[in-house]
Amino acid sequence: MASFNKVILMGNLTRDPEVKYTTGGTAVAEIGLAVNRTWWDKQANQRKEETTFVDVTLWGRTAEVAGEYLSKGRPVLIEGRLQLDSWDDRETGKKRSKLRVVGENMTMLSGRGDGGSGGGSGGGGSGGSYNRQSSGGSSSYDDGPSRDPVDSFYDDEPSGGGGEDVPF
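For my numbering, count along the sequence shown from 1 and bump the result up by 13.
What follows is the structure, given as structure tokens:
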């Protein structure tokens with residue numbers, strides 16, 4: 014059966030990006046994204062809003078760009094895929110899991126947090142984008158690293174671990 018795993022999120026960074034490197038030298042950035050959803054509650058006759066906090070992992074050059082140009086509060090658009098991480102909690106021995114987004118394309122947006130010198134011009138256009146596609150004339154798409162770099166990244170971690178002391 015066919016499947017489709019695609020996520021598009023736009024929100025504000027909840028913290029500065031944390032950039033680390035795998036033992037192979039590949040950059041990995043962890044960012045937190047706050048995504049707001051608004052709707053009209055007919056029963057209460059008022060506008061409601063909820064915020065969802067999403068952890069996003071960026072790889073390679075995208076991670077380096079995020080570390081260099083993004084900061085807490087900055088608006089960004091992320092395109093990527095969902096990934097479920099599972100581990101055994103060291104303290105309780107229980108199986109734990111966490112859903113995260115692996116970002117494949119990133120677009121930096123204009124808005125709050127811009128360091129621009131001019132006054133705001135209405136319309137929040139795009140501030141710049143970066144995607145993982147190669148620019149060498151090839152039409153192939155680099156889908157990012159396989160799970161191997163992640164495994165080598167966590168080689169310092171004792172087996173069976175995770176829990177609250179994940180490296181990010």
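Backbone N, C-alpha and C define an ideal beta-carbon position, used for all residues, glycine too.
The alpha-carbon separation between Asp54 and Thr64 amounts to approximately 16 Å.
Annotation: the continuous alpha helix (DSSP H) that includes Arg74 extends over 73-82.
Going by DSSP, Ala40 is part of the beta strand (DSSP E) stretching over 40-54. In the same chain as Leu95, and ignoring 5 residues on each side of it, the C-beta atoms closer than 7 Å to its own belong to Asn18, Val20, Leu112, Val114, in chain order. Residue burial annotation: Arg60 is exposed, with fewer than 16 other C-beta atoms found within 10 angstroms of its C-beta.
Straight-line spacing of the CA atoms in Gly116 and Leu71 works out to 5 Å. DSSP places Asp102 in no beta strand (DSSP E); its state is neither H nor E. Leu46 is classed as buried because its beta carbon has at least 16 other beta carbons within 10 Å across all chains shown.
Counting along the chain, the unbroken beta strand (DSSP E) around Asn25 starts and ends at 20-26. For Leu122 and Gly106, the gap between their C-alpha atoms comes out near 42 Å. Boundaries of the beta strand (DSSP E) around Asn118: 108-122.
DSSP, read as helix, strand or coil, puts Lys61 in strand. DSSP lists Val41 as the beta-bridge partner residues of Lys33. A residue is called buried when at least 16 other Cβ atoms come within 10 angstroms of its Cβ; Leu97 does not meet this threshold and is exposed. Our two residues, Gly93 and Glu104, have alpha carbons roughly 32 Å apart in a direct line.
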